[in-house]
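For what it's worth, the numbering used here labels the leading residue of the sequence shown as 1, then goes sequentially.
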Amino acid sequence: MKLETWNTEKKESNSRRGIFLYVSSFKFQVSGFSIVEAVIVLAVLAIIAAATTGVFGGLNREKALEGSATSALSLLLRARSLALSSKDASLYGVHFEERRMVLFRGGSYSGGAPDNRVEELPPTVRIFATALQGGGSDVVFQRLTGKTAQSGTITIALSSDASRTKTVTISATGIAETN
C-alpha cells in the first residue's frame, strides 16, 4: 500500500511540476515587447517614413517640372505645325501665364476665344520668366514658314525652389527645345 501511495504522490508531484513548467513557459511566451522597445520601433519607423516621403516628394516635384517643360514644348510644336500647315488660313501661337499655357489661333491672344486650348500647370510648378523678343508673353508662328518674331526663352521653375528650372528655347525659325 505504501508503494502505491508513494507512486500516487510522485504522479501528483510530476503533474504539478508539469503544470508549473507549462505555466512558466507560458509566461515566457506572453511577455512580448516592453513599452520602451515599442517606442523605439515606432520612432525608427517614423524616421524612415519621413525620409521616404521627402525623397519621393522631391521626385514628384522634379517629374512635374520636367512634365511641364515637355507640355510647353509640345504646345509650341503644335502651334508651329498648325501654322506651317496653314490650318484655317490662320496664324497660331502660345500664350504663357504664371500658372497656365494657352494655344491660340490668330495673330494675338484673346482670353475668351473658343478655339483656345488651355494647359494648366501643376501647383508645384510655375512659369518663372518669359524673355521673348519684343517683350510680352506670346509666341506667334507665321503661316507656311513657321518662323516667329518672338524668339527667346521661357523658364519654368518649381514653386518651392526657383533655382530648380527648365528652360524652353524658341529660335527665330520657330524651332523649340528644352534643356
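For every residue, glycine included, the Cβ atom is placed at its ideal position computed from N, Cα and C.
Taking the DSSP output, what are the residues bridged to residue i?
i, result
"residue 100", "120"
"residue 166", "156"
"residue 141", "92 and 148"
"residue 132", "152"
"residue 176", "170"
"residue 126", "157"
Given a cut-off of 9 Å, decide if residue j and residue i are closer than it, judged by their beta-carbon atoms.
i, j, result
"residue 103", "residue 65", "no"
"residue 109", "residue 93", "yes"
"residue 61", "residue 161", "yes"
"residue 97", "residue 127", "yes"
"residue 143", "residue 91", "yes"
Taking only the alpha-carbon atoms, compute the straight-line gap between residue i and residue j and give it to the nearest angstrom.
i, j, result
"residue 121", "residue 129", "14 Å"
"residue 68", "residue 156", "8 Å"
"residue 159", "residue 83", "32 Å"
"residue 123", "residue 117", "19 Å"
"residue 166", "residue 86", "30 Å"
"residue 106", "residue 164", "33 Å"
Can you have a look at residue i and say buried or exposed, based on whether 16 or more other CB atoms are within 10 angstroms of its CB?
i, result
"residue 138", "buried"
"residue 63", "exposed"
"residue 170", "buried"
CB-CB under 7 Å to residue i, same chain, minus the five flanking residues each way: which ones, in chain order?
i, result
"residue 174", "80, 141, 146, 147 and 148"
"residue 190", "Outside the shown range of the chain (1 to 179) lies residue 190, about which nothing can therefore be said."
"residue 42", "none"
Near residue i, what residues of its chain come up, given a Cβ to Cβ distance below 8 Å and the 5 sequence neighbours on each side ignored?
i, result
"residue 70", "178"
Going by beta carbon distance, what residues of the same chain come within less than 6 Å of residue i, once the five residues before and after it are set aside?
i, result
"residue 50", "none"
"residue 59", "none"
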